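**Q** Using UniProt numbering, the letters of the sequence shown correspond one by one to residues 1 to 224. Cβ coordinates follow ideal geometry from the N, Cα and C atoms, glycine included. Note that the structure is a prediction, hence the values are computed from the model and not measured.
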Amino acid sequence: MSMHATEIIPTIVPASSADISEWSEKFAGFASWIQIDAGDGVFVSNKTWFPPQTYTFPLSDKVAYEAHLMVQSPREIGMQFIRSGCRRMIGHAEVFSTADEAHDVLDAWKGQGAEAGLALLIDTPLEVVEPLVSVCDVVLLMAIATLGKQGAAFDQRIYTRVRELHAKHPDLTIAIDGGVSLQNIRALVEAGASRFSVGSAISRSPDPAVAYTDLVMLAESATI
1 MSMHATEIIP
11 TIVPASSADI
21 SEWSEKFAGF
31 ASWIQIDAGD
41 GVFVSNKTWF
51 PPQTYTFPLS
61 DKVAYEAHLM
71 VQSPREIGMQ
81 FIRSGCRRMI
91 GHAEVFSTAD
101 EAHDVLDAWK
111 GQGAEAGLAL
121 LIDTPLEVVE
131 PLVSVCDVVL
141 LMAIATLGKQ
151 GAAFDQRIYT
161 RVRELHAKHP
171 DLTIAIDGGV
181 SLQNIRALVE
191 AGASRFSVGS
201 AISRSPDPAV
211 AYTDLVMLAE
221 SATI
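1) Taking buried to mean at least 16 other C-beta atoms within 10 Å of its own C-beta, is residue 177 buried or exposed?
2) Just list the residues that DSSP pairs residue 65 with in beta bridges.
3) Using a threshold of 7 Å, is the CB atom of residue 29 nearer than that to any non-hydrogen atom of the ligand ZN?
4) Closest to residue 125 by C-alpha separation, out of 73, 139 and 202, would be which residue?
5) Excluding five sequence neighbours on each side, which residues of the same chain lie with their C-beta closer than 7 Å to the C-beta of residue 14?
6) When the distance is taken between beta carbons, is residue 152 closer than 8 Å to residue 158?
7) Excluding the five sequence neighbours on either side, which residues of its own chain have a C-beta within less than 8 Å of the C-beta of residue 5, listed in chain order?
8) Could you tell me the alpha carbon to alpha carbon distance between residue 189 and residue 219, rounded to whole angstroms?
9) If I'm right that residue 131 touches residue 99 with Cβ under 8 Å, what's the distance once you round it to whole angstroms?
10) Can you tell me whether residue 227 is helix, strand or coil according to DSSP?
11) Along the chain, where does the beta strand (DSSP E) that runs through residue 141 open and close?
12) Exposed or buried, which one is residue 42 when buried takes at least 16 other CB atoms within 10 Å?
13) Around the C-beta of residue 51, are 16 or more other C-beta atoms found within 10 angstroms, so that it is buried, or is it exposed?
14) Please name the residue, chosen from 183, 210 and 67, that lies closest to residue 39 on a Cα-to-Cα basis.
15) Please report the distance separating the alpha-carbon of residue 206 from that of residue 97.
16) Using 10 angstroms around the beta-carbon of residue 161, count the other beta-carbons present and answer buried if the total reaches 16, otherwise exposed.
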């Protein structure tokens, strides 16, 4: 099991700034962080809203934002999210030609005061991130095969991937994105994950605050 405190991060897949405002208002009542999913229509099929030059994320005194950049060209998009108030950027390892290129982008984000990490698709070998673990504040593992839409099916292969990564890097924060639910969160914590991006299990719940609290309680009840 990870020794990091467990953290549940509700996600927003925004079609407009109105979605950001609406869901931020709901989530800020119980969550410390919110994840914004950003899709470019290239790396993933759906294209989401990106912050314009003058945008500032709302409720920044109450909640922190991170962005999961499911985009082919993450450097500048990440910079714009940071300028708008996002405090953590997560880019996809698959879009970089070399480890040096990924390193440069992570350093650029950190140079603007943000945390920086990498995400891996379920079929991407864990070895891809090995040269970069030392510069990652987090490694996010996708637990679904189809990106960009909430409600996709959970992929059981994630347990082995978490255990392998945690065994090699016990101090690394391992985040899970996709399909996280009351049925699997304890097992994911016990495998070594400590941070969870949660979409439909919270947002589609009759009471998102209760759903969030239930997930937190289950995660914290996991056995070492």
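**A** According to the structure data:
1) For the purposes of this step, residue 177 is taken as the residue at position 177 of the sequence shown. Here residue 177 is buried, its C-beta having at least 16 other C-beta atoms within 10 Å.
2) Taking the first residue of the sequence shown as 1, we reach residue 65 at position 65. Its beta-bridge partners are 34.
3) The ligand ZN is not part of this structure, which contains no ligands at all.
4) As a first step, residue 125 is located in the sequence shown; it is residue number 125 there, counting from the start. Of the listed residues, the one whose Cα sits closest to residue 125 is 139.
5) One-based indexing of the sequence shown puts residue 14 at position 14. If the five residues before and after residue 14 are omitted, its C-beta is found closer than 7 Å to the C-beta atoms of 20, 36, 48 and 49, all from its own chain and listed in chain order.
6) For the purposes of this step, residue 158 is identified with residue 158 of the sequence shown, where counting begins at 1. For the purposes of this step, residue 152 is identified with residue 152 of the sequence shown, where counting begins at 1. Cβ atoms of residue 158 and residue 152: not closer than 8 Å.
7) Translated into positions along the sequence shown, residue 5 becomes position 5. Residues of the same chain with a CB within less than 8 Å of the CB of residue 5, apart from the 5 flanking positions on each side, are 194 in chain order.
8) The residue you call residue 189 lines up with position 189 of the sequence shown. The residue you call residue 219 lines up with position 219 of the sequence shown. Within the model, the alpha-carbon separation for residue 189 versus residue 219 is close to 6 Å.
9) Residue mapping note: residue 131 aligns to position 131 of the sequence shown, counting from 1. Residue mapping note: residue 99 aligns to position 99 of the sequence shown, counting from 1. About 4 Å; that satisfies the 8 Å criterion.
10) Nothing can be reported for residue 227: it is not among the residues displayed for the chain, which extend from 1 to 224.
11) Position 141 of the sequence shown, counted from the first residue, corresponds to residue 141. Membership of residue 141 in the beta strand (DSSP E) is indicated by the continuous run 138-142.
12) Looking up residue 42 in the sequence shown gives position 42. By the 10 Å Cβ count, residue 42 comes out exposed.
13) Taking the first residue of the sequence shown as position 1, residue 51 is located at position 51. Residue environment analysis places residue 51 among the buried positions, since at least 16 neighbouring C-beta atoms fall within 10 angstroms of its C-beta.
14) For this step, residue 39 is matched to residue 39 along the sequence shown. Taking only the C-alpha atoms, the option nearest residue 39 is 67.
15) As a first step, residue 206 is located in the sequence shown; it is residue number 206 there, counting from the start. As a first step, residue 97 is located in the sequence shown; it is residue number 97 there, counting from the start. Looking at the two C-alpha atoms, the distance is approximately 43 Å.
16) As a first step, residue 161 must be located in the sequence shown, where it is residue number 161. With 16 or more Cβ atoms within 10 Å of its Cβ, residue 161 is classed as buried.
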